[in-house]
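Colleague: Residue numbers (my numbering): 359 to 1531. Even glycine gets a Cβ: it sits at the ideal position worked out from N, Cα and C.
#1: From the DSSP output, read off the bridge partner residues of residue 1112.
#2: Looking only at its own chain, which residues have a Cβ that is under 7 angstroms from the Cβ of residue 368, when we skip the five neighbours before and after it?
#3: Anyone know if the C-beta pair for residue 1204 and residue 1244 falls short of 9 angstroms?
#4: The alpha helix (DSSP H) spanning residue 1302 covers which residue range?
#5: Using a Cβ cut-off of 9 angstroms (strictly closer), state whether residue 484 contacts chain B.
#6: So, are the CB atoms of residue 1154 and residue 1086 less than 9 angstroms apart?
#7: Cutting at 7 angstroms between CB atoms, please list the residues of its own chain near residue 1024, excluding the five before and the five after it.
#8: For residue 867, I'd like the list of residues in its chain whose CB is within less than 6 angstroms of its CB, leaving aside the five on either flank, ordered along the chain.
#9: Hey, out of 1093, 1398, 1082, whose CA is closest to residue 1072's CA?
#10: Using 8 angstroms for Cβ pairs, my map puts residue 893 next to residue 851. What's the rounded Cβ distance?
#11: Who does residue 647 pair with in a DSSP beta bridge?
#12: So is residue 934 buried or exposed if we call it buried at 16+ other beta carbons inside 10 Å?
#13: Quick one, are the C-beta atoms of residue 474 and residue 504 less than 9 angstroms apart?
#14: If you run the structure through DSSP and keep just helix, strand and coil, what is residue 1002?
#15: Can you tell me which of 1171, 1198, 1216, 1330 puts its alpha carbon nearest to the alpha carbon of residue 1160?
#16: Enumerate in chain order the residues of its own chain whose CB-to-CB distance from residue 800 is below 8 angstroms, with the five nearest sequence positions on each side excluded.
#17: Which two residues bound the contiguous alpha helix (DSSP H) that contains residue 696?
#18: Determine the closest residue to residue 660 out of 613, 825, 604, with distance taken between C-alpha atoms.
#19: Does the region 1434 to 1445 come close enough to the region 1469 to 1487 that 3 or more CB-CB pairs lie under 8 angstroms?
#20: Measuring alpha carbon to alpha carbon, tell me which of 552, 547, 1241 ends up nearest residue 564.
#21: I need the straight-line Cα distance from residue 946 to residue 1053, nearest angstrom please.
#22: Kindly list the residues whose CB is nearer than 6 angstroms to the CB of residue 1095, restricted to its own chain and excluding five residues on each side of it in sequence; keep chain order.
#23: Could you give the DSSP three-state label for residue 1016: helix, strand or coil?
#24: Within the continuous alpha helix (DSSP H) that includes residue 1293, where are the two ends?
#25: Residue range of the alpha helix (DSSP H) that residue 714 falls in?
#26: Please return the same chain residues whose Cβ sits closer than 6 angstroms to the Cβ of residue 1089, not counting the five positions on each side in sequence.
#27: Using a 10 Å radius around the Cβ and a threshold of 16 neighbouring Cβ atoms, would you call residue 602 buried or exposed?
#28: Roughly how many whole angstroms lie between the Cα atoms of residue 1330 and residue 1389?
#29: Could you check where the alpha helix (DSSP H) with residue 872 kicks off and where it finishes?
#30: Can you give me the C-alpha to C-alpha distance between residue 494 and residue 454, rounded to a whole angstrom?
#31: Counting Cβ pairs, one atom from each stretch, are 3 or more of them under 8 angstroms apart for the region 666 to 673 and the region 627 to 638?
#32: When DSSP labels each residue in this structure, what does residue 901 get in the three-state scheme?
#33: Of all the options 706, 681, 693, which has the alpha carbon lying nearest to the alpha carbon of residue 663?
#34: Under the three-state reduction of DSSP, which class applies to residue 588: helix, strand or coil?
#35: Using the Cα positions of residue 413 and residue 656, report the straight-line distance between them to the nearest angstrom.
Below, the structure is given as C-alpha cells:
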C-alpha cells in the first residue's frame, strides 16, 4: 500500500478521514498499516505526529471530562488506532523521536482508567510497555496505570486466566515499584482486594503476584497479614490452600531480611490455628463464617506442611512450631489439644536440623506424644491420634522402631478397638487399619492381627460395623489373605440376617457377592443361591435385596431364569412322584382279599371310599416328605425361599428391567413364568408358598394367568370379617398392580352396602309408624347378608388409601367408583349422629366407616385440585363443610360419648392435613378454625390440646404462605388462629396450675409433640418478624406471658428464698417448660423471646416489682444451667437488661423482702460471673 495515502489522510487534519482510511486499509490487508508506517521517513513521522498529538489530546480530554457519554465509542476507536500507530512508530523511529510522540503516549496512558474498551486498553498497555523499553526512566510513570488496568481486569468477576497471566507478565515492573508508590497510586488497595478474589488467588500467576508484594517492606507485610486474617473466616477451604501457597512462595522468593517478617506472619497463623474454634462462627462482620476456623487454618498451613520434603522447609516448620506446638499439645483444654494434634500429624516428621543426635531426640519425643495422645481422656483427641498414628505407620513404616510399632499396635488393637466410652474411637481404629493396608509393608503384621478382631462385626454401633465390613472388603480386594481365613463366612451371613442398617447390609452384600453370586456359569450361581437359602433364608432375602449394587442386570436375569428352570423341573418331578405313588396305592387296594371287602357292609361299607381316599392322601404326603428328606438336600422351605428370591430380584430391579436396553430380559422372564403359572399354582395351592407365588405374579400383568386372577378373587371373598391387614394386604396389592381395581371396589361395595341398608332399615321412620298397627301385608325386612363383611371392606379401602402406589392407580383408573362409594358412605355420618350408643369402641363399624368417609372426601379433594377439576373441587369443598357442620352438631351434646369425641378428633386431624397441602378454600378454612376452637374450649383433653396446637401451626403456615405469593388473606382467620393458641396456653396452664384434675395434663408423648410444635410456631413467627406484624407479635407475647405468669405463680411464700431451682419439674408448668425447651434449641428464637420478655416489663407504667425480678431471675437461672444452643452473647444482653429492670425496683419493697432480695442479687452476681459480663 502506498504510504502517500497515509500522508494525504493526515494532511486533511480530519480524524474521521484518517479513521476511514485506517479501517479500509486494515480490511484489505492487516499488515498494510504497519508497512505504510515503516516506509515513512523521520521527517514524515514528525509531521504526522504533530497532527496525531492534537487528536489524542482532544480524545483524552473529552474522555476525562465525560467518561459516560454515548459518543465515547468513536473516542475508543481513535485511541485504539492512535496507540497502534504509536507502537508502529516506536518500532520504526531512529535516534530522532517524533516531537509529539511522548506527550501522546503519556496522555493515552493516563486515560487508561477511563477506557472501557478492552481492545483499546490492551493496545495502549502494549504501546506503553514498548515505550518504556526505549525510555527506561519513564517505566515507573507508565507502568502504574498499566498494572492498575491489568489488575482491575484480573479481579473482575468475569475475568479469565489470560488477564491474570497478563498481569504476571508485568512482574519486573511491579518489583521496581516501592511501598510509597504502591500506597499513593491505589495499587496496594487493588492488590488487597485481589486477596479475597477466589479465582485470582486460585491461579498460579495470581499467587505469585501477591507473593511478590511481601518483598517490599515490613509495613506492607503487616497490611497483607491483616487482610488475610480478615478474609480467612469468609474463605473456602480451597481459598485457604491458595493463601498457604502464597505464603510459601513469598518465603521462597523473599530476601533474608523479608523472610523474618514472613516467618513471623506464618507463626502468627500457627498460633491462631491451635486455639481456633471448631464450630462455625455464623454471622460476622462482612459475611457468614460457614466453615470452622480450625479447618480453614489447617488447610492454609497444610499448603506449607506438604513442602516439608525440602529439608530447609522441614527445619523451618520445626523452628516455627517449637514455641507453640509442644506447649499446646499438653494444654488442659481438649479442643486445643485436638487442634495441636491435627497440626502435629500434618507436619510430621519434625527435624531440628542441628545434627543426627538432636534429630533422634526429636523423633523420640514425637513417639511419646503420639502414644500419650492415643490414651487421652477426651474421645475427640483419641480419634485424631488414631487417624494420625495409622497414617504415619502407613507412610513411615521403615523409620518407626519395632518396639514403637508394637506399642502402637497393642494400644490400638487391645484397648482402643474395644473402647466402650466412644463409638467414634472404635470406628476410627477400623478406619486406621484400612489406611495401614495401603502400605504393603504392613500386610505381614496385619495378616495376623485382623483375624483377632472378628468380634467387631457385632459391635452395637452401626458406624463401627459398617467400617469393619469395609475393612474386610479391603482385605478381600487387596488379597492380603483369604477372607475365610480372616472371618468365618457363616458369621457374615448371620450378621446379614440380623442387620437393620441399610448401609451395612449393602456392604455385606458386596462382601459376600463373590461367594454367593460369583462371575461364573448360571448353574454355579444357582447352586450358591440355593446353599445360601438353605443356610439362612432371612440372610438370602437381604442379600438379594441389595445385590444389584455390585451385580449387573444381565447376571440377575440369568439367575431368575435358572431358578425358574429348576422350579419347573422340580415341580414336574414331584407331581410325577405323587402320581406314581397314588397309582401304586390304587393298585394295592384293588388286590385286597374279597373277604375283607364282604365283611364291610351297611354304613361302614359306604364310608370305605372316603376313608381310603383320606388314607391315600396321608400316605402320599408322607411318602413325598420322606423321599425329599432322604434324597434331596433341601426342604420345601428352600423351594419357597427360591420364589422369595425371584420376588425380591424383580421388585428391586423392576425399573431397570423396563429400561429399553433390558426389555428383552423382562419379556423373556414374563413369558417363561406365564407358561408355568398353572403348574406352579397347582403345586403350591395348599402350601405356604402360595403367598410368595401370588406376590411374584403380582409383579407381572394379570394376563399371565386368568387362573391365578380367579384364585386371588376367591381368596378375597373367602376372608372373614375379622381378617387383619397382614392377611389381605398382599392380595389387594396384587389386584391394584394388575389394574383390577374395578373388581376390588365392587367387592368392597358389596360388603358395605348390605350393612348400611340394615342400619337404614332399622331406623326408618316408616317402620316405626307401622309398629303399632296390624300388618295385613307381609313387610320386607332388610337384613345383613350372610356373606357381608363390612369391617373387611372398610379395612381394605383404608389400606388402599394409605398405600401411595395403590391409591394412585385406583384414583387414575377407578375414580367414578371411588366417588360412588364415597357417596354411599355419606349416610354413616347421619347414622352415627342419630345413634351415638352404637359407637361402642374405635373398632366398631360406624367409627371406622365415618373415619374412612372423611379420608375419602379429603383424598378426592386433593385429587380434584391436582387435576384442576374446578367443578368437582368445589363439590368436595361442600362435602368438607358438611363434615365440619356435622362435628359442630355433635359437640352441641353436653353428654358427649367419649368414642364420638375420638371420632371428632380424628376428623379434625384428617382435615388439618388438607390445610397443610393448601387444598382448602377460605370459607372452609374459617369453618375449620371454628371447629378447632370449639374442640379446645369444650373438651380440653391432653390429646385435643395437642391437636389444636398442631392445627394452629398448619393454619399459620397456610395463611402466611398464601400471603407470601400475593394472595389475599382473611384477617379474621389470623385472629382465630391467635385465639386457638391463646386457648391452648390458658387451658393447659390453668389446669396444670390448679392440680385439681389430671384429665387435661399433657401426657409425656403429647408434651414432646407440643414442644416441637411450639418450636415450629416460633420459627414461623421469627421468619415473618413480630415487629412488623401485630398478629405475629400477639402469639409471641402470649407465650411470653405464659412463661411470666408461670414463673410468678411458682413463688409461694415458702419458696421466696429462691432455694428451689427454676429448672425443677415441680416449679414449672408443662406449657412454659415446652416453650422454654423450644426456644433453647435456636439462638434467634431465644433472642426474640427474651427481647419480648423484657419489653413487656419495660412497657409497664408502674415500676418493676420484686416478684417480677424473681420471675426473671428464675428464667435466666434455668437458661444458665442449660442454655442449649443459645449464644453466650444473647444471654449476656439478657443479663444486662435484667440488671436494668432490677434497678427500677423500689427500695421499700426490697427492704421488706430480704430473702428475695438476697436471691436476686446472688443470681445476678452468679450469672455475670458465668458469662463474663
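Modeller: Taking the geometry as given:
#1: Here residue 1112 refers to the residue found at position 754 when the chain shown is read from its first residue. According to DSSP, which records beta bridges pairwise, residue 1112 is partnered with nothing at all.
#2: Here the question's residue 368 lines up with position 10 in the chain shown. Setting aside the 5 residues that flank it on each side, residue 368 is surrounded in the same chain by 376, 406, 409, each with a C-beta closer than 7 angstroms to its C-beta; the list follows chain order.
#3: What you label residue 1204 is simply residue 846 of the chain shown in a count that begins at 1. What you label residue 1244 is simply residue 886 of the chain shown in a count that begins at 1. Not a contact, by the Cβ cut-off of 9 angstroms.
#4: Stepping through the chain shown from its first residue, residue 1302 is reached at position 944. Taken as a continuous stretch (DSSP letters only), the alpha helix (DSSP H) holding residue 1302 covers 1300 to 1322.
#5: Of the chains in the structure shown, none is chain B; there is only one protein chain.
#6: Taking the chain shown and counting its residues from 1, the one referred to as residue 1154 is at position 796. Taking the chain shown and counting its residues from 1, the one referred to as residue 1086 is at position 728. In contact: residue 1154 and residue 1086 (Cβ atoms closer than 9 angstroms).
#7: Residue mapping note: residue 1024 aligns to position 666 of the chain shown, counting from 1. Taken in chain order, the residues that qualify are 1015, 1016.
#8: Counting from 1 along the chain shown, the entry for residue 867 is found at position 509. Closer than 6 angstroms at Cβ, skipping near neighbours: 901, 904, 905.
#9: On the chain shown, position 714 is the one that residue 1072 refers to. When C-alpha distances from residue 1072 are compared across 1093, 1398, 1082, the shortest belongs to 1093.
#10: Within the chain shown, residue 893 is the residue found at index 535, counting from 1. Within the chain shown, residue 851 is the residue found at index 493, counting from 1. 6 angstroms between Cβ atoms; contact.
#11: Sequence index remark: in the chain shown, residue 647 carries index 289 (1-based). Paired residue(s): 640.
#12: Residue 934 sits at position 576 when you count from the first residue of the chain shown. Exposed.
#13: Counted from its first residue, the chain shown places residue 474 at position 116. Counted from its first residue, the chain shown places residue 504 at position 146. Contact flag unset, no.
#14: To locate residue 1002, count along the chain shown from 1; it is residue 644. Helix.
#15: Position 802 of the chain shown, counted from the first residue, corresponds to residue 1160. When only C-alpha atoms are compared, the closest one is 1216.
#16: For the purposes of this step, residue 800 is taken as the residue at position 442 of the chain shown. Excluding positions up to five away in sequence, the list reads 751, 752, 755, 794.
#17: Taking the chain shown and counting its residues from 1, the one referred to as residue 696 is at position 338. Taken as a continuous stretch (DSSP letters only), the alpha helix (DSSP H) holding residue 696 covers 692 to 705.
#18: Taking the first residue of the chain shown as 1, we reach residue 660 at position 302. When each option's Cα is compared against that of residue 660, the closest is 604.
#19: yes
#20: As a first step, residue 564 is located in the chain shown; it is residue number 206 there, counting from the start. Ranking 552, 547, 1241 by Cα distance to residue 564 puts 552 first.
#21: Within the chain shown, residue 946 is the residue found at index 588, counting from 1. Within the chain shown, residue 1053 is the residue found at index 695, counting from 1. C-alpha of residue 946 to C-alpha of residue 1053: approximately 41 angstroms in a straight line.
#22: For the purposes of this step, residue 1095 is taken as the residue at position 737 of the chain shown. So the qualifying residues of the chain are 1056.
#23: Along the chain shown, read from residue 1 onward, the residue named residue 1016 stands at position 658. Correct three-state label for residue 1016: coil.
#24: Your numbering for residue 1293 matches position 935 in the chain shown. Element bounds for residue 1293: 1280 to 1296.
#25: As a first step, residue 714 is located in the chain shown; it is residue number 356 there, counting from the start. It spans 714 to 732 - the alpha helix (DSSP H) in which residue 714 sits, taken as one unbroken run.
#26: Residue 1089 sits at position 731 when you count from the first residue of the chain shown. Once the five neighbours on either side are set aside, the close Cβ partners of residue 1089 are 1070, 1073, 1074.
#27: Counting from one through the chain shown, the residue named residue 602 turns up at place 244. It counts as buried.
#28: Stepping through the chain shown from its first residue, residue 1330 is reached at position 972. Stepping through the chain shown from its first residue, residue 1389 is reached at position 1031. Each residue's Cα considered, the two are about 11 angstroms apart.
#29: Translated into positions along the chain shown, residue 872 becomes position 514. First-last of the alpha helix (DSSP H) with residue 872: 860 to 874.
#30: If you number the chain shown from 1, residue 494 lands on position 136. If you number the chain shown from 1, residue 454 lands on position 96. Distance between the alpha carbons of residue 494 and residue 454 is about 17 angstroms.
#31: no
#32: Taking the first residue of the chain shown as 1, we reach residue 901 at position 543. Here residue 901 sits in helix by DSSP.
#33: As a working mapping, residue 663 is identified with position 305 in the chain shown. Selected option, being the one with the closest Cα: 706.
#34: Translated into the one-based positions of the chain shown, residue 588 becomes position 230. Helix at residue 588.
#35: Taking the first residue of the chain shown as 1, we reach residue 413 at position 55. Taking the first residue of the chain shown as 1, we reach residue 656 at position 298. So the two alpha carbons sit approximately 58 angstroms from each other.
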